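>
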Amino acid sequence: MQRPVSTVAKRAWLDNRKADRDAVLTNLSQRYGLFYFFAQSCGACEVFSPILRSVADSHRMAVMAVSMDGGPSRDFPRYVVDSGQRARMGISGNETPALVLFDTATRKTIPVGYGILSADEIMERIFTLTNTKVGSDY
13 MQRPVSTVAK RAWLDNRKAD RDAVLTNLSQ RYGLFYFFAQ SCGACEVFSP ILRSVADSHR
73 MAVMAVSMDG GPSRDFPRYV VDSGQRARMG ISGNETPALV LFDTATRKTI PVGYGILSAD
133 EIMERIFTLT NTKVGSDY
């Protein structure tokens, strides 16, 4: 269905798209994982961590939490301290929070976003980055 213009049709289109997105995200865990770069001293990370935890749990996505300052995360108690992972992925800077998608098939990283993202933003960005073709309606 093309993107509709009437209010009722838009609502139906968005509902269908959300259902498609949720189904796709649940199946992505077989190919993709997430790297979450955080810092204990980061206030935005305190806000973002539980949002990411909820999305990851609801879609069974693996998250490798990487502490940029060596400190722990309440929502990701199994974390590693950055020992060059970020640089090896080609992700420059030290901004936190940072969310990166890792494609196990191609071994490539795909930045999802920096800063606080809502659950819907995380899911929509991952869906768009993994399931839309350039030039298609999203």
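By my numbering, the letter at position 29 of the sequence shown is numbered 41, and the numbering carries on one by one without gaps.
Beta carbons: idealized from backbone N, C-alpha and C, even for Gly.
Values in this document were obtained by computation on a predicted structure and should not be read as measured data.
Over the uninterrupted beta strand (DSSP E) stretch that includes Pro123, give me the two end residues.
Its beta strand (DSSP E) spans residues 120-126.
> Going by the CB atoms, is the gap between Arg29 and Ala117 shorter than 8 angstroms?
Not in contact: Ala117 and Arg29 (Cβ atoms no closer than 8 angstroms).
> Taking Cβ positions, are Leu192 and Val93 nearer each other than 8 angstroms?
This structure cannot settle anything about residue 192, because the visible part of the chain is limited to 13 through 150.
> Under three-state DSSP, which class holds Phe50?
Phe50: strand per DSSP, three-state reduction.
> Which class does Asp115 belong to by DSSP, given the choice of helix, strand or coil?
In the structure shown, Asp115 sits in a strand (DSSP, three-state: E or B).
> On the DSSP letters alone, give me the boundaries of the beta strand (DSSP E) that Val78 sits inside.
75-79 is the extent of the beta strand (DSSP E) around Val78.
> Between which residues of its own chain and Ile138 is the CB-CB distance below 8 angstroms, once the five residues before and five after are set aside?
So the list reads Leu37, Leu40, Tyr44, Leu113, Val124, once near-sequence residues are dropped.
> With a CB to CB cut of under 8 angstroms and the five nearest residues on each side skipped, what residues in its chain are close to Val59?
Excluding sequence neighbours, Val59 sits near Ile128.
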